[in-house]
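Protein chains in written order, with the numbering used here: chain A, 2 to 249; chain B, 268 to 460. We treat Cβ as the ideally placed atom computed from N, Cα and C, and that holds for glycine. What follows is a short report on a single structure.
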């Protein structure tokens with residue numbers, strides 16, 4: 002059981018499934034999924050989203066941003082939503098993030114509905130991702146006071162710096178899974194603060210390594226690793242700012 | 268090692284500035300968006316092509332050869348937060364923003380305007396030509412307290428008659444069809460150079 006915080010920094014938690022289809026995509030699927038989950042997710046919305054892809058172009062490799070529409074089914078408070086697209090299901094929870102015990106049933110609800118409607122053949126990718134926004138009072142801070150995961154800047158380099166980004170990919174569960182860990186400075190929203198984004202994206206490395214029946218076993222393992230890594234990224238000083246809740 | 272917020276190149280409280288893994292600053296528009304499903308109404312001709320984003324990749328001959336090293340750090344995936352950041356980044360690239368922090372705050376509060384603005388930009392190009400520019404500005408109504416509307420001023424060197432005709436055509440054929448989506452918070456007008 003991980004730690005629970007009174008002020009958790011999570012601004013978005015999400016679970017993403019990309020499926021191996023058994024039949025060609027049926028355009029009725031999003032609507033049928035909605036019928037199964039509409040009690041919990043009554044608001045229906047078509048959202049513009051972007052997908053990034055890389056392709057060869059006349060001037061070399063180009064990055065393309067493809068706008069596409071995706072069906073979103075939102076909870077009444079619009080803090081949780083289910084997204085359905087071609088062979089894709091995602092369940093997102095925005096701030097305030099509750100607990101894993103409360104988020105997991107939402108994932109299960111979306112997954113069960115999609116599975117019943119679309120009958121996918123298998124799983125190509127599962128991802129569990131937590132995006133944290135961490136705000137710290139002050140205009141200049143010592144990163145090592147707050148973070149165990151941070152850029153390393155050698156002593157012969159300038160020791161005071163501005164915007165940065167640092168990221169790693171690490172393997173878990175005998176290379177079955179990958180965690181993409183990324184930290185970057187972020188936009189400031191309040192005066193006399195600094196802000197950082199800490200993004201933990203744990204996902205299946207290889208298609209077909211998890212059976213549909215075993216998805217929630219994978220999920221528990223993923224969540225445990227995400228929690229461990231998150232805790233390993235921060236110092237006790239930051240933990241104090243998040244205000245740990247201890248049950249007595 | 269000290270992280271200093273004042274070393275950020277763009278000061279101010281803008282919510283969507285200085286996220287280093289958002290998009291690069293240059294954008295070209297090319298090709299047609301792919302169709303996904305009849306449920307899905309894609310932007311016509313709205314496929315931004317971006318040069319690779321990497322730290323200093325513009326002059327590097329090596330970095331573009333390793334796109335796989337760059338993509339994982341930028342892809343918003345299915346994150347709604349990241350996706351919104353990306354959309355706002357696109358808007359900043361295809362529009363000129365007057366007082367950008369105010370405009371981005373407004374867009375965050377009224378996020379339904381974001382896809383509409385992306386669609387509108389392509390339509391404006393269609394009606395006013397490739398060289399058209401659009402300035403986004405928040406305008407307050409002095410007679411109604413708290414009434415604020417986002418205006419897109421189409422900057423053109425066309426004659427007033429020609430520009431007026433094109434604006435009427437833009438309104439009749441596209442904007443008036445979309446006007447219910449604006450919830451009274453977005454409008455377009457001409458700004459003569």
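Taking Cβ-Cβ distances shorter than 9 Å, what residues in chain B pair up with residue i?
i: residue 162(A); result: 268, 269, 270, 271, 274
i: residue 13(A); result: 346, 347, 348, 349
i: residue 84(A); result: 345, 347
i: residue 221(A); result: Those do not exist, as residue 221(A) stays about 21 Å from chain B at its closest Cβ, beyond 9 Å.
i: residue 118(A); result: Per Cβ cutoff of 9 Å: no residues; residue 118(A) is ~14 Å from chain B at best.
i: residue 195(A); result: 270, 271, 272
i: residue 130(A); result: 344, 345, 346
What does residue i pair with, by DSSP beta-bridge criteria?
i: residue 6(A); result: 245(A)
i: residue 196(A); result: 136(A)
i: residue 203(A); result: 129(A), 180(A)
i: residue 71(A); result: 48(A)
i: residue 402(B); result: 363(B), 420(B)
i: residue 123(A); result: 21(A)
i: residue 407(B); result: 415(B)
If you drop the 5 nearest sequence neighbours on each side, which residues of the same chain put their C-beta closer than 6 Å to that of residue i?
i: residue 85(A); result: 31, 34, 72
i: residue 384(B); result: 358
i: residue 48(A); result: 71, 73
i: residue 322(B); result: In this prediction, residue 322(B) scores a pLDDT of 40, lower than 50, which makes its location untrustworthy; the coordinate-derived value is nonetheless stated afterwards. Same-chain partners within the cutoff: there are none.
i: residue 94(A); result: 14, 81, 104
i: residue 115(A); result: 34, 90
i: residue 364(B); result: 370, 403
i: residue 200(A); result: 132, 183
i: residue 168(A); result: 183
i: residue 444(B); result: none
i: residue 304(B); result: Reliability of the predicted coordinates at residue 304(B) is poor, the pLDDT of 30 falling under 50, and the value obtained from them is presented with this limitation in mind. Closer than 6 Å at the Cβ level, and outside the excluded window around residue 304(B), lies no residue.
i: residue 44(A); result: 75
i: residue 448(B); result: 383
Whose Cβ in chain B lies nearer than 7 Å to the Cβ of residue i?
i: residue 233(A); result: Near residue 233(A) there are no residues of chain B at all, since even the closest Cβ is about 19 Å away, more than 7 Å.
i: residue 144(A); result: 268, 270
i: residue 17(A); result: 344, 345
i: residue 154(A); result: 268
Near residue i, what residues of its chain come up, given a Cβ to Cβ distance below 7 Å and the 5 sequence neighbours on each side ignored?
i: residue 479(B); result: In the structure as shown, chain B begins at 268 and stops at 460. Residue 479(B) is therefore absent and cannot be evaluated.
i: residue 236(A); result: 146, 147, 148, 149
i: residue 137(A); result: 147, 194, 195
i: residue 233(A); result: 149
i: residue 23(A); result: 120, 121, 122
i: residue 129(A); result: 16, 203, 220, 223, 224, 227
i: residue 111(A); result: 38, 83, 90, 92
Determine the extent of the alpha helix (DSSP H) in which residue i is found, giving its start and end residues.
i: residue 372(B); result: 367–376
i: residue 445(B); result: 443–449
i: residue 86(A); result: Residue 86(A) -> not in any alpha helix (DSSP H); beta strand (DSSP E) instead, spanning 81–86.
i: residue 116(A); result: 101–119
i: residue 437(B); result: 427–437
i: residue 217(A); result: 216–234
Residues of chain B with CB under 8 Å from residue i, in chain order?
i: residue 91(A); result: 345
i: residue 141(A); result: 269, 270, 271, 272, 273
i: residue 227(A); result: In chain order: nothing, as chain B lies at least about 15 Å away.
i: residue 230(A); result: Under the 8 Å cutoff, chain B gives no residues; its nearest Cβ is about 16 Å from residue 230(A).
Between which residues of its own chain and residue i is the CB-CB distance below 8 Å, once the five residues before and five after are set aside?
i: residue 238(A); result: 146, 147
i: residue 126(A); result: 17, 18, 19, 204, 205, 208
i: residue 391(B); result: 399, 401, 419, 421, 437, 455
i: residue 354(B); result: 381, 382, 385
i: residue 326(B); result: Caution applies to residue 326(B), whose pLDDT of 46 falls short of 50 and renders its modelled position unreliable; the value that the coordinates give is listed next. Hits under 8 Å: none found.
What residue range does the beta strand (DSSP E) around residue i cover?
i: residue 19(A); result: 11–21
i: residue 360(B); result: It is not in any beta strand (DSSP E) - residue 360(B) instead sits in the alpha helix (DSSP H) that spans 347–361.
i: residue 393(B); result: Residue 393(B) -> not in any beta strand (DSSP E); alpha helix (DSSP H) instead, spanning 380–395.
i: residue 269(B); result: 269–271
i: residue 191(A); result: Note, residue 191(A): premise wrong, no beta strand (DSSP E); not H, not E.
i: residue 33(A); result: Element bounds for residue 33(A): not the beta strand (DSSP E) but the alpha helix (DSSP H), 30–38.
i: residue 422(B); result: 415–423
i: residue 456(B); result: 453–459
i: residue 213(A); result: Per DSSP, residue 213(A) belongs to no beta strand (DSSP E) and is neither H nor E.
i: residue 92(A); result: 89–95
The ligand MG and residue i: does any heavy atom of the ligand fall closer than 6 Å to the residue's C-beta?
i: residue 388(B); result: This structure does not include the ligand MG; it has no bound ligands of any sort.
*Which runs of the alpha helix (DSSP H), 4 residues or longer, sit entirely within the segment 139–186 of chain A?*
Segments of the alpha helix (DSSP H) lying fully in the segment 139–186 of chain A: 144–147.
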